[in-house]
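Here is the structure we will look at.
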Amino acid sequence: MSEPKTKPTDASVDDFLAALEPARRREEGRTLCALMQEVSGEAPVMWGPSIVGFGRYANVTGNGKSADWPRMGFSPRKAALTLYLASTPQTEAMLARLGPHTTSVACLYIKRLDQVDMGVLRNLCVASQDEMKRRYP
0 MSEPKTKPTD ASVDDFLAAL EPARRREEGR TLCALMQEVS GEAPVMWGPS
50 IVGFGRYANV TGNGKSADWP RMGFSPRKAA LTLYLASTPQ TEAMLARLGP
100 HTTSVACLYI KRLDQVDMGV LRNLCVASQD EMKRRYP
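Under numbering that gives the first Met the number 0, read the sequence shown as residues 0 to 136, first letter to last.
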């Protein structure tokens, strides 16, 4: 069985965020890091080379394999900020009030943090954290 590529590392989150370009993405990364740390109560940890994660749970895939994954996290990619949040029954209604974004199965993509409602984003993070605690106590 192969090892998962995305796993916790000892790399510095502060160094990772400080190296982000452009400066706007660096500040957005710091803002998201502070928000998710406050909501989760967990210290940020680098998962692989580009994901900042908070907490951990055993994710079982469709083929029955288990791998650790952060309970909540983000990756400040060039095209957009990628947020890894659990869906809840309230997610759709909150996303309607968030501001410009796109979604995929398990990701929320935001191009500019200054264009979204930070209160709604915080509520999405809180709802995700609560859902993860319910699913994976």
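Where a beta carbon is used, it is the ideal one built from N, C-alpha and C, also for glycine.
Check: Three-way DSSP call (helix, strand, coil) for Thr90 in this model; Outcome: helix
Check: Uninterrupted beta strand (DSSP E) stretches inside the stretch 35-120 (no shorter than 3 residues); Outcome: 43-46, 50-53, 56-59, 65-68, 71-75, 80-83 and 106-109
Check: Nearest candidate by alpha-carbon position, reference Met117, set Asn62, Met93, Ala10 and Val12; Outcome: Met93
Check: Given 8 Å, three or more beta-carbon pairs between the stretch 58-66 and the stretch 10-29; Outcome: no
Check: Top-ranked residue by Cα proximity to Arg133, from Pro75, Arg121, Thr87 and Met45; Outcome: Thr87
Check: Start and end residues, alpha helix (DSSP H) containing Leu19; Outcome: No alpha helix (DSSP H) contains Leu19, which DSSP labels as neither H nor E.
Check: Euclidean distance between Cα positions of Thr5 and Gly47; Outcome: 5 Å
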